[in-house]
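Oh and the sequence shown: position 118 is 118 in the UniProt record's numbering, straight run, nothing missing. Backbone N, C-alpha and C define an ideal beta-carbon position, used for all residues, glycine too. A quick write-up on the structure given underneath.
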Amino acid sequence: MSSLDFGSYSRKVSTRVEEAQVLFDKGWNQMFGFNHEDAVRYFKKVLEVDSSLAIAHWAISHCDDLNYNNPEGLNRVEATKNAAVALELLENASDVEKSLIRACYARYPALKGQDKIASQPETIAANEIQYADAMREVYQKYPHDPDIAALFAESLMNLRPWKLWEVGEDGKVPAETFEIKKVLETALQEHPLHPGLLHFYIHLMELSPHPEEALDVANRLRDLTPDQGHLRHMPSHIDMWMGNYEDAIHANIEGIEADRRYVESSGIECEFYKMYRLHNVHFCCWACMFDGQYKNALKYARMMQEELTPELLNSKPGVEILEAFNCIVWHVFIRFGKWKEILEEPVPEDENLYTMSIATAHYARGIAFASLGKITAAEAEKELFLQALENPLMPNRLVINNFAYKGNEGIFHIARFMLFGEIEYRKGNFTAAFEFLRCAVDFCDNIVYDEPWGWMIPPRHALGALLLEQEKFEEAATVYREDLKIHANNLWSIGGLIACLKQISDADTKEIQNLQCKLKYISARSDINVSASCFCSMSAGAVAPNKI
């Protein structure tokens, strides 16, 4: 049995076997921490020592089915089979366990002989709605059970993953979103340290207009589950929107270390949970980029590359999902103006394995050449970038919740606008350049919600820097203010806004002083001199654009 500490939370289940209870609690905590594969292993061990425990089969079913981060689930066939076994063992269950297990009839109509195991998305979606309705009835019957509250809230969240606050055609946020909020907040009043309630509340509120409402919840979760990497990381989902980059970095370092201990203990490297482990490293790199920490950002970008061997890329959950993490190093180089390093970085050759990486490399090289004033070379890289986008494998590549490039969707549209804009700027075609950069901003604002955001560097940082360079101070100031509404306390836009306000005659001197004090404080951890919001700016060393 693992000695890892997944937290002290315990749910008393219908077993008289002490070992079964201990194993069940480990699996239960791993389930709430979204390490569903490991949770299943624990629940199977439970059944080895108590084969009659119905709720263990239900738990396996729950873990194998779809969830907020995995719309396909691990194994829906096994999920259905275990739900069926749980129903067969119903007489051994407590009343609350019976209610929970019976809700499976709504999720799996096949259990009533009404249908085959659902495989069509529309059918699965309809079944999930029925399941959420069934879980509502269970919750109404047991309103003070924190696990039931968490599982009911999760069933509602699964209906609109990452779209909980998306306004519908009626101009309103879905009613279920407020139901989730009420259920979680009510349960947290009675059970303030429940790992599942805390986890789901962060996921609920990170997308909301007021993520700060979840800061107290995030703080409660930080040290609650020492060896559960995903839950150690989760507070950073709130930290980033609050502009608490130092806390976000710390949370992810703790998550990375917890996951390292998990791999060392379990010996398990390649599973869907691998994505969660890389997510922590990715998130840490993103926070370091906002915090002006080049060395650490590069450290974690390289960590992802080292993890992603060709063998690993081809393992579960698959290259279509995993390859995106291999691309981050080029974004780090662009963020910190490391043009020499970009041009020295090898461009991958295997178009089947490194579909996105090749496109990202040519994009980065184009940006580097443009900033160095080498327009012909930048144009050549632009053509190679556009060719890379036509790779027939590209439409299958994902950047977590976003496509890489598929028709009118995908984050490489942002790269296209950025690269076109940077090249036109160096040519001296400022009107065209700014139009492309504004398109990049608009496209980036409207991609599918994700954390880290699907595009690692806010396009407003380049737009603001180049508007400022062309003495369009008012517009540049507006660009920076808009960015700070999204990415609070980031030194890149604060520095840019200060530079703008100093050039605006009627600017508020007190605001400038306050911003300067804030910048001095938040720049303390930076290991580079941030002289502009984008290193494509002349003030950061870029070559002056041509004059027309």
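Runs of the alpha helix (DSSP H) lying entirely within the segment 444-511 and spanning at least 4 residues, in chain order: 459-469, 473-486 and 491-501. Comparing alpha-carbon positions, the option among Lys295, Ser357, Asp259 and Ala258 lying closest to Gln305 turns out to be Ser357.
For Asn401, the closest C-alpha among the options Leu343, Lys163 and Leu308 is that of Lys163.
Considering only Arg302, Asp64 and Ala149, the residue with the shortest C-alpha distance to His191 is Ala149.
Taken through DSSP and simplified to helix, strand or coil, Lys299 comes out as helix. DSSP places Asn158 in no alpha helix (DSSP H); its state is neither H nor E. In this structure, Val13 is the residue among Ala462, Asp64, Gly73 and Val13 with its C-alpha nearest to the C-alpha of Val46. When the alpha-carbon of Leu87 is set against those of Asn127, Leu100, Gly421 and Glu78, the nearest one is in Leu100.
Under the three-state reduction of DSSP output, Leu398 falls in the strand class. Residue pairing by DSSP puts Glu409 in a beta bridge opposite Lys406.
Counting along the chain, Ala377 sits inside the alpha helix (DSSP H) bounded by residues Ile375 to Leu389. Only buried fits Val319, as 16 or more other CB atoms lie within 10 angstroms of its CB.
Just so you know, the alpha carbons of Leu184 and Cys63 end up roughly 21 Å apart.
Assigned with DSSP and collapsed to three states, Asn70 falls in strand. Annotated as distal: Trp492 and Ser539, with beta-carbon spacing of 7 Å or more. In the displayed model, His144 falls within coil according to three-state DSSP, outside both helix and strand. Note that the C-beta distance between Val332 and Ala297 is below 7 Å.
Per the coordinates, the alpha-carbon of Glu166 lies some 44 Å from the alpha-carbon of Glu48. Per DSSP, Phe24 is one residue of the alpha helix (DSSP H) stretching across Glu18 to Phe32. Measuring C-alpha to C-alpha distances from Tyr276 to each of Gly464, Glu349, Gly407 and Glu307 identifies Glu307 as the nearest.
Counting the other CB atoms within 10 Å of its CB gives Leu389 a total of 16 or more, which places it among the buried residues. Of the residues Ile447, Leu497, Pro121 and Pro235, the one whose Cα lies closest to the Cα of Leu159 is Pro121. Put simply, of Asn244, Asp247, Tyr300 and Leu215 the residue whose alpha carbon is nearest the alpha carbon of Ile256 is Tyr300. Between Ser8 and Ser265, the C-beta spacing is not below 7 Å. Going by beta carbons, Leu231 and Gly33 fall inside the 7 Å limit. Just so you know, the alpha carbons of Arg525 and Ile249 end up roughly 11 Å apart. Counted as a single uninterrupted DSSP element, the alpha helix (DSSP H) harbouring Val329 occupies residues Ile328 to Arg335. The closest CA to that of Met234, considering only Ile334, Pro395, Tyr262 and Pro195, is found on Pro195. The Cβ-Cβ distance between Gly464 and Val441 does not fall below 7 Å. Per DSSP, the unbroken alpha helix (DSSP H) holding Gln189 starts and ends at Ala175 to Glu190. Remark: C-beta atoms of Ala477 and Glu422 do not approach each other more closely than 7 Å. Ranked by how close their Cα comes to the Cα of Asn546, the residues Pro109, Glu469, Ala507 and Asn429 have Asn429 in first place. With a cutoff of 7 Å on beta-carbon distance, Asp259 and Gly229 are scored as near each other. Within the segment 194-243, the runs of alpha helix (DSSP H) that reach at least 4 residues and sit entirely inside it are, in chain order, 195-206, 215-221, 229-233 and 236-242. Annotated three-state conformation of Tyr273 is helix, per DSSP.
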